Amino acid sequence: MPSTKVSKYEYEDQSGAERAQYRTTVPKQVVELLDLEDAELEWEAVSRNTIELKITRNDE
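Using this note's numbering, the first residue of the sequence shown is number 55, and each one after it goes up by one.
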């Protein structure tokens with residue numbers, strides 16, 4: 055599987071406060087394997103080196 059990096063995005067909100075978000079991309083192979091298109095992901099830090107994702111799909 056490919057690896058990705060996390061990047062920091064800084065911005066000012068409507069009240070003028072400085073905010074930051076961190077972004078990453080999901081490799082296409084992972085999206086296709088887990089059918090993630092249009093899915094909602096719930097992130098949970100299990101440990102310093104492990105993240106658990108819960109996938110919720112709005113199947114019609």
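We put the CB at the ideal spot given by N, CA and C, even for glycine.
On a predicted model such as this, the values are computed, not experimentally measured, just so you know.
- With contacts defined by Cβ atoms closer than 9 Å, Thr78 and Ala93 do not form a contacting pair.
- Cβ-Cβ distances below 6 Å link Glu98 to Glu106 in the same chain, with the five nearest sequence neighbours on each side left out; the list follows chain order.
- Cβ-Cβ separation between Val80 and Leu90: approximately 6 Å, consistent with a contact (criterion under 8 Å).
- Taking the CA atoms as reference points, Pro56 sits about 8 Å from Gln83.
- With respect to the C-alpha of Glu66, the residue from Leu95, Asn112 and Ala74 having the closest C-alpha is Ala74.
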